[in-house]
Amino acid sequence: MVDVLIKNAFVVDGSGRPGFRADVAIKGDTITGVGDLRHLGAKRTIDAEGLVLSPGFIDAHAHSDFAIIHNPPSHSQVAQGVTTEVSCNCGKSPFPVLPNPLPLKNIADTVWTTPKDYWKSAAHYFELLKTQGIGINTFPLVGHNSVRAKVLGMDNRPCTDDELRQMKELVVEAMELGVPGFSSGLTYTPGMGATNEEIVALAQVVSEYGGIYTTHMSNYSGAGIEKAMDFAVETAWKSGMRLQFSHVAPHGEELYGKGQWLSDLIGGYRARGVDCYADVPSYPTIGVWWGPRAIFPGWLYNWKKPWPQQIREIQDAIRDPEQNARIREHIAKVIAGDKTSFLGQFFTFHNWDSIFLFECRPDSPYHKYVGQSVQQIADAEGMDGTDLYFDLCLREGEALSTVNILEKEEDRKAFFQSPWTMFGSDIYAIDAEHPDACFSRFQIHPRNFGHAIYVIETIVQKNRWLTLEQAIHKMSGLTASHFNMHDRGFIRSGYKADITVFSLENLHERATFLHPIAYPTGIEHVFVNGVETFANGRMTGDLGGVALLNKPH
Numbered sequence: 001m002v003d004v005l006i007k008n009a010f011v012v013d014g015s016g017r018p019g020f021r022a023d024v025a026i027k028g029d030t031i032t033g034v035g036d037l038r039h040l041g042a043k044r045t046i047d048a049e050g051l052v053l054s055p056g057f058i059d060a061h062a063h064s065d066f067a068i069i070h071n072p073p074s075h076s077q078v079a080q081g082v083t084t085e086v087s088c089n090c091g092k093s094p095f096p097v098l099p100n101p102l103p104l105k106n107i108a109d110t111v112w113t114t115p116k117d118y119w120k121s122a123a124h125y126f127e128l129l130k131t132q133g134i135g136i137n138t139f140p141l142v143g144h145n146s147v148r149a150k151v152l153g154m155d156n157r158p159c160t161d162d163e164l165r166q167m168k169e170l171v172v173e174a175m176e177l178g179v180p181g182f183s184s185g186l187t188y189t190p191g192m193g194a195t196n197e198e199i200v201a202l203a204q205v206v207s208e209y210g211g212i213y214t215t216h217m218s219n220y221s222g223a224g225i226e227k228a229m230d231f232a233v234e235t236a237w238k239s240g241m242r243l244q245f246s247h248v249a250p251h252g253e254e255l256y257g258k259g260q261w262l263s264d265l266i267g268g269y270r271a272r273g274v275d276c277y278a279d280v281p282s283y284p285t286i287g288v289w290w291g292p293r294a295i296f297p298g299w300l301y302n303w304k305k306p307w308p309q310q311i312r313e314i315q316d317a318i319r320d321p322e323q324n325a326r327i328r329e330h331i332a333k334v335i336a337g338d339k340t341s342f343l344g345q346f347f348t349f350h351n352w353d354s355i356f357l358f359e360c361r362p363d364s365p366y367h368k369y370v371g372q373s374v375q376q377i378a379d380a381e382g383m384d385g386t387d388l389y390f391d392l393c394l395r396e397g398e399a400l401s402t403v404n405i406l407e408k409e410e411d412r413k414a415f416f417q418s419p420w421t422m423f424g425s426d427i428y429a430i431d432a433e434h435p436d437a438c439f440s441r442f443q444i445h446p447r448n449f450g451h452a453i454y455v456i457e458t459i460v461q462k463n464r465w466l467t468l469e470q471a472i473h474k475m476s477g478l479t480a481s482h483f484n485m486h487d488r489g490f491i492r493s494g495y496k497a498d499i500t501v502f503s504l505e506n507l508h509e510r511a512t513f514l515h516p517i518a519y520p521t522g523i524e525h526v527f528v529n530g531v532e533t534f535a536n537g538r539m540t541g542d543l544g545g546v547a548l549l550n551k552p553h
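At position 144 of the sequence shown (counting the first as 1) the number is 144 in the UniProt record's numbering, and the numbers step up by one without a gap.
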């Protein structure tokens, strides 16, 4: 007698091979059978006729490490079929716990209002996850910036020998608890002050425990990305670690036409014996994607306010002749300025070709241009790009949605099709019913509720850049294998019952840039370690997730 029998499903098993019709049995937290299981008795039977059954999706790059304490069910992830995420990326982790009032610790206070004594140690953090329960599995990393801040504070300087010794001790402490990897964020304080020798020394400690190294590199521009990747490879080579390049994409003008080049670069590293992959966001937006924040100067308005308040402040400034002139001067400098730095690459727009109109009023004369760039619209209307954008802001008001996109479709296609890439969202989980509880002051991206859906609905079904089997392999089996999640990522007997069942026909994103908080449609059932956490379009209230820790040495 099994607990759950899912019959008549079209199984896409995570391996990349063609899908097949089969039944799947679950007992406890484990898949106990795959095939013709009509003879089996079951406490509960689900008829999956016409539905796809796959491994639960694995998000290769996310940040729910703090949010998962405040939103244990992880609504926005589970509702799109995600059952596991690699968290604590970009050098930031909830441990080691930092002394107040260091800014890195206060990230939690700023975004999630974490009490300063909520957890007192890494061990306490993991105990909290266990006792309160969580909706998804979390694969935690120890963050280099968090370790460095514990020892050096927020100083961007090389460490001393004694400080390196202290950092090694903190990394060992995390490894002894079973933390399976190490992350860096080399464009952030205080990680940008580290020498190559420091990163290698800490990575060597992690390597002794079989951990993986994920890196937000020091440079993502066309002029600097290869050198930054070379350093990451050097770190992996010297330490003997598996390597994950974080959120790599052919992003920005200097990388236009280089999607295949990026793939070949990773392939070259692998040919030299380095076990490396890259996670890539499914959406063509990285860094500052929200049009107004990318375009307007910081003094103009508070981008942390709700959008209706933001646009009113913007409209007032545009109407004021003095401020209007200052804004135009700022925009001209940005367009003419250097785009090779990290800030230039990800936190500004490059020109009006990179700002796209996504939404406006249905009766607007600009509605026919939805999906086109501001420059394309300006050319069609015989206007200057800046004049056109100002008119959009004044005319459309809070109905306006514009997005900063700095990637070309042909490059995205080449990089998605690379055998060396998998998908990472770069988001954290949000409670759809109470979004202010964990994300009160920042613009929410639709990928929070739709990054995995976008892969299947747009990349697979609309663009046909990947087959369904290839896409699910990238979102399950490939990721699980590279991160050494030994019993996950595949629909196989003996593997953990992390399962997503969905209707390919009804799978649709509902989140948009202007209205980003909305569950997708088409996800029918989500099991996490055999616990059904999502069914019939809603959370069940049951939590099956665990922290994926290695067995302590």
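Here a beta-carbon is modelled for each residue, glycine too, at the ideal position from N, C-alpha and C.
Note that the coordinates shown come from a computational prediction; the quantities given were computed from them, not determined experimentally.
What does a CB cutoff of less than 7 Å around residue 103 pick up in its chain, not counting 5 residues either side in sequence?
Confidence in residue 103 is poor, its pLDDT being 46 and thus under 50, which makes the residue's placement unreliable; the coordinate value appears in the next sentence. Taken in chain order, the residues that qualify are 154.
Would you say residue 497 and residue 30 are within 7 Å of each other, going by their C-beta atoms?
yes
Any idea if residue 368 is buried or exposed, counting beta-carbon neighbours within 10 angstroms, 16 or more meaning buried?
exposed
Residues near residue 216 by beta carbon distance below 6 Å, same chain, minus five either side
90, 185 and 246
Please name the residue in 266, 205, 196 and 198 whose C-alpha comes closest to that of residue 225.
266
Residue nearest to residue 148 in terms of C-alpha spacing, selected from 212, 159, 326 and 59
159
In its own chain, which residues sit with a C-beta less than 7 Å from the C-beta of residue 172, not counting the 5 before and 5 after it?
205
Contacts around residue 1, its chain only, beta-carbon distance under 6 Å, and the 5 residues preceding and following it disregarded
41
Quick test of the definition: if touching needs 3 or more C-beta pairs under 8 Å, does the stretch 273-288 touch the stretch 391-401?
no
With three or more beta-carbon pairs closer than 8 Å as the criterion, would you say the stretch 242-256 touches the stretch 48-59?
no
Where residue 411 and residue 421 are concerned, what is the direct C-alpha to C-alpha distance, given to the nearest angstrom?
13 Å
Using 8 Å for Cβ pairs, my map puts residue 385 next to residue 352. What's the rounded Cβ distance?
3 Å
For residue 1, which of helix, strand or coil comes out of DSSP?
coil
Could you please give the first and the last residue of the uninterrupted alpha helix (DSSP H) stretch that includes residue 78?
75-78
Please name the residue in 236, 69 and 135 whose C-alpha comes closest to that of residue 540.
135
Taking 7 Å as the threshold (C-beta atoms), are residue 122 and residue 86 in contact?
no
Express the C-alpha separation of residue 474 and residue 392 in angstroms, rounding to a whole number.
39 Å
I want to know whether the stretch 477-497 touches the stretch 3-19 - three or more CB-CB distances under 8 Å.
yes
Alpha-carbon spacing of residue 549 relative to residue 177, whole angstroms
7 Å
Could you name each continuous alpha helix (DSSP H) segment of 4 residues or more that falls completely within the stretch 374-418, going from the start of the chain to the end?
374-381, 385-396 and 409-416
What is the DSSP secondary structure of residue 525, reduced to helix, strand or coil?
strand
Whole angstroms are fine: how far does the CA of residue 276 sit from the CA of residue 234?
12 Å
Beta-carbon gap between residue 449 and residue 403 smaller than 7 Å
no
Of the listed residues 212, 365 and 253, nearest to residue 236 (C-alpha basis)
212
Between which two residues does the alpha helix (DSSP H) harbouring residue 506 extend?
Note, residue 506: premise wrong, no alpha helix (DSSP H); not H, not E.
Among residues of its own chain, excluding the 5 on either side of residue 97, which ones have a beta-carbon nearer than 7 Å to its beta-carbon?
119, 120 and 121
Buried or exposed: residue 494, going by 16 or more other Cβ atoms within 10 Å of its Cβ?
exposed
Chain-order list of residues whose beta-carbon lies under 6 Å from that of residue 378 (same chain, five-residue window excluded):
385 and 388
In or out: residue 302 buried (at least 16 other Cβ within 10 Å) or exposed?
exposed
Taking DSSP as the reference, what is the three-state secondary structure of residue 441?
Confidence at residue 441 is low in this model, with a pLDDT of 39, below 50, so its placement is unreliable and the value that follows should be read with caution. In this structure, residue 441 counts as coil in the three-state DSSP scheme.
Grab the span of the beta strand (DSSP E) containing residue 244 for me, first residue to last.
242-245
Taking the beta strand (DSSP E) that residue 278 falls in, what are its first and last residues?
276-280
Looking at the structure shown, is residue 8 part of a helix, part of a strand, or coil, going by DSSP?
strand
Keeping to the same chain, check which residues put their C-beta closer than 6 Å to that of residue 111; ignore five residues upstream and five downstream.
Below a pLDDT of 50, predicted positions are generally treated as unreliable, and residue 111, at 41, falls in that range; the measurement from the model is reported next regardless. Excluding residues within five positions, none has a Cβ falling inside 6 Å.
Got a sec, what are the start and stop residues for the beta strand (DSSP E) residue 33 sits in?
30-35
Given 8 Å, three or more beta-carbon pairs between the stretch 308-316 and the stretch 413-428
no
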